[in-house]
Amino acid sequence: MLKLSPIALSIGALISTSALAQSIEGVVQDANGNAIYNASVVVKGTSVSSRTDESGRFFIDPMLEGERELHISAEGYAHLYRQVSVANDESESIRLTLKRSPIEVIDIVASPLHMSAMESASPVSVLGAEELRRQQSATLGDTLEKTPGVHTNFHGKVASTPVIRGLSGPRVLIAQNGLDVSDVSRVGPDHSVASEASTAQQIEVLRGPATLFYGSGAIGGVVNVVDGRVPTDNTTRGEWLLETHAVDDSKLGSFNVTTGSGPVAFYADGYSRESNDYEVPVAPDIDSSAEGDGFKVENSGEESDGFTLGTSYLFDQGYVGVAVEQFNRTYGIPGHTHGGDEEHAHDEEHGHENGHSEEEAVFADLEQTRIQLLSEINFDNAWFSQLNTRAAFTDYEHAEVEHGAIGTTFENETQELRLDLSHQEWAGWTGALSFHYKNSDVAAQGSEAFTPPSETQTLAVAVMEERHFGDVLVQFGARTERVELEASSVLLPEIDVHAHDPDGHNEHAQHGDEHSGETRVFDVEHEFTPVSLSAGLVWDFTPGYNFGVSLSRSQRASSASELLSFGPHIGTRTYEVGALFALHNDGGHQHFGLTEQDIDLETANNIDLTLRKTDGDIGFILNAFYNQVDNYYYQTATELFAPDGHDHGDEHNHHAEEGHDHGDEHNHHEEAGHDHAGELPVYLFQSDDVVLHGFEAQVAWQATDAFKTTFFSDYVRARLKDGGELPRTSPFRFGAKLSYQANNWTANLDITRYQEQDNVATRETATDGYTMLDVNVLYDLPFFNRSMAVYLDVNNLTDTEARVHTSFLKDIAPRPGRSIGFGVKGSF
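Once you know that position 764 of the sequence shown is 1185 in the working numbering, the rest is easy, because the numbers rise by one and skip nothing.
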């Protein structure tokens, strides 16, 4: 006789059906009583939902009895909450009215709590639909840079990543469907993000600490790229796009399609992009006196392609699916080219088109394979409502190729699992328990492997809850992690460091440590326990308005590159030394050794205040934030210089280093006319207390049915608590977007002003302000009952010289000049 274990009995009880009411039905309409088609009606805290038909009617059957909260949403309208009481064996009929909103409201999908720009205690933004297609670029940072509170670190248009409220790198997590994208873009600005915007459905931005949902690596924010690679239904649909731009001769083609039959659904997407070096309106090197036309940023071209195949099994309680993605990208690394401007000028003088041969150019060859499993299982019982599972295996590698040979190889192999168990409404509270595991094995080998191989393992548990108390929504959460960092071959090498006297001479040489003449190799193992807490509320204090406040305390364990780096990082043109080491001074003899200070957790205490107008012809979102980060790890100039690690004994010796001497705040290699080719300024990671504060503002005015104007502005001040500035802080920015949509025509004019940034750190230079004008015109072409459109893009209409202050390459790689683009796209 088969016997059931206590665990099996518990599972049976968990998924057993509880008391069900008969149904809820109703009508969704606008303020004039007109039916709203395709509105979503969701029973909050459950997977139960319905969509309205052409008459605005919806029907939900069956449903759990008791007090239930409905969430109603539709494109172009403000969201609505309605509390209903459902008794057993009774039907409930209701009428729901939505009000128009000039600010698009899109829900965050990778969160157990309901979050959108108009309703969340934490500030969020979502770029989706037509807006995403209009702004998509080859890099994620450039795609998102018009989002309030988000800037780009613009690395020559080939490897740009987002900067959120002045923070980037290891503090901003880049995710794909809620899981770490698992590349090495957080290690250096010259490393590209392994994610593609042209096949995405929406891109979500959580500004400020998001550690509750994503872990300590999200202390500064999250960018989550959402796509349909694991389909949740079998409806046949898709979209395609072809596009070209003149400024870099770029060509892009992409598609995605979902289909299926019965319980099986299929998904496929693919893209191909290529571009050449892009044109700029002035000489790329800010110190150049060259005049004329036809300037280009050398080594800024790229070729990329990729595809994804996914399938799901659909059943009454949800779905389970798997997808496989192949991502390939080859791109030049501006500022890392061994050839320099003098060689380029010489070749131009003699009629050569490019100053660098293919062998001299330095480029990255990136390849990533990613397998992702997603599932959603719904329960009809009194305890739990849903189990969401996300798992991924990622195998990433990119090689940096110099002179036709591989110089350095970066690898990252990651396994990640996340379980979100949502419970039914308990005493008015809805929420979820989250369990999270991640293991990343990162290695770099070669002449520019400035960080030793390391393995980081994270295990975390979190709880997130929310409840409506009348007009007030309360949200809170807590998360605790265990982070283990291990490295078996940490190096403390002998290096020849020296200072420069005021005349530019080497003042004196200072060699390694007491172990001069050898490299110390040792093991490192660190364990951290970050704890994060968050509480917030949203108060609908009068119809159409709400006020939000969010308080959080978030902790972050230092990354391997911040702790263990020791070597030349040509992407930033610095010699990096991690926080595990310290600069000692023994009787005038300076050398690097192990630090005697503890490696503490980075702790951020953040407050966000938000005022919103959610409906009517005018809507706005005003955010103000204050963030104090204790034990903030950052790089400081030591005023010392070290060899860059390249062999300069050949005929390219002089030119090779000119490529390193131009660019940003580190351009001090040729002081007072002396040649310091072959060396880099030494920057040491250290911790200090910092303060970041600022605001984001967005105001939208629907002047007529066809015309809308949106104004926006953002600002951040990032400074050391005891005095001093943090480097590469985004400048004050404001702008407007004028939109017209009538009949088959859509037109947009974007005007953005970047102010001068003169709040600069040591050895950093100020950046002038500039104004960018972008125009987009689209015409819809009905084609055999399918949607099709042609469009024209003109970016940087006035051909303005624009240097991005957050970029390491701001002095050698300005933004592209005037770019005219043409595209055609369709959907079915």
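Just so it is clear, CB atoms sit at the ideal spot from N, CA and C, and this is done for glycine as well.
Just verifying my parser: in three-state terms, what is the DSSP assignment at residue i?
i     : result
T1125 : coil
Q1176 : coil
F871  : coil
H936  : In this predicted model, H936 has a pLDDT of only 43, less than 50, meaning its place in the structure is not dependable; the value taken from the coordinates is given anyway. The answer is coil: DSSP assigns H936 none of H, G, I, E or B.
A460  : coil
L553  : helix
L985  : helix
A639  : helix
E660  : strand
V651  : coil
S476  : coil
F1204 : strand
E837  : strand
N967  : strand
E1185 : coil
I524  : coil
Y502  : strand
F1155 : strand
N1048 : strand
I481  : strand
G681  : strand
E1092 : Residue placement at E1092 cannot be trusted, given a pLDDT of 41 that sits under 50; what the coordinates show is reported in the next sentence. It is helical.
Leaving out five residues before and five after residue i in sequence, what residues of the same chain have Cβ atoms less than 8 Å from its Cβ?
i     : result
T1192 : I1172, T1173, R1174, Y1175, T1219 and T1221
D648  : Q597, N598, T620, A621, Q622, N677, D690 and T729
T1016 : A1000, L1001, F1002 and A1003
V685  : N655, T732, S733, Y734 and L735
In the DSSP assignment, the beta strand (DSSP E) including residue i goes from what residue to what residue?
i     : result
E948  : R941 to F949
Q450  : S444 to Q450
A744  : G739 to G753
G1247 : S1240 to S1248
Y688  : V685 to S696
R900  : V893 to L913
A785  : F784 to N799
I1233 : No beta strand (DSSP E) contains I1233, which DSSP labels as neither H nor E.
Flag this pair as yes or no: are the beta carbons of residue i and residue j separated by less than 9 Å?
i     : j     : result
S955  : E907  : no
G742  : L794  : yes
H1226 : R1138 : no
F479  : A499  : no
E625  : I529  : yes
Y458  : E446  : no
A542  : S971  : yes
T872  : S982  : yes
Y858  : S796  : no
H947  : L984  : yes
A1025 : S975  : yes
S910  : D862  : no
F1013 : V918  : yes
A978  : F634  : no
I1241 : V1211 : no
R586  : R628  : yes
L1101 : P951  : no
F856  : A881  : yes
G549  : R521  : no
Would you say residue i faces chain D, with C-beta separation under 9 Å as the test?
i    : result
F805 : The chain inventory of the structure shown lacks chain D, comprising one protein chain alone.
Considering only residues of the same chain and omitting the five flanking positions on each side of residue i, which have a CB-CB separation below 7 Å?
i     : result
G1238 : V668, E700, V701, P702, N1217 and D1220
D786  : T751, H819, A820 and V822
D1038 : P523, W1122 and Q1123
E779  : With a pLDDT of 45 at E779, under the threshold of 50, the predicted position of this residue should be treated as unreliable, though the coordinate-derived value follows. Around E779: no qualifying Cβ.
Taking the continuous alpha helix (DSSP H) assigned at residue i, which residues delimit it?
i    : result
T564 : L561 to L565
Y734 : No alpha helix (DSSP H) contains Y734, which is instead part of the beta strand (DSSP E) from E723 to F736.
Y635 : T632 to Y635
Sorted by chain position, which residues of the same chain lie with C-beta nearer than 6 Å to residue i's C-beta, five sequence neighbours on each side aside?
i     : result
R650  : Y688, T729, G731 and A744
S558  : T564
R1224 : T1188, K1231 and P1235
S696  : D669, S671, G722 and E723
A1118 : L1043 and S1134
I want to check one thing, is the minimum distance from the CB of residue i to the heavy atoms of the ligand HEM below 8 Å?
i    : result
R607 : In terms of ligand content, the structure shown is empty, and the ligand HEM therefore cannot be addressed.
Unbroken beta strand (DSSP E) runs of length 3 or more, entirely within the stretch 997-1025: which are they? As far as the stretch 997-1025 is concerned, its whole beta strand (DSSP E) runs of at least 3 residues are 1002-1007 and 1010-1015.
Where are the alpha helix (DSSP H) runs, 4 residues long or more, that stay fully inside the stretch 577-611, in chain order? Within the stretch 577-611, no complete alpha helix (DSSP H) run reaches 4 residues.
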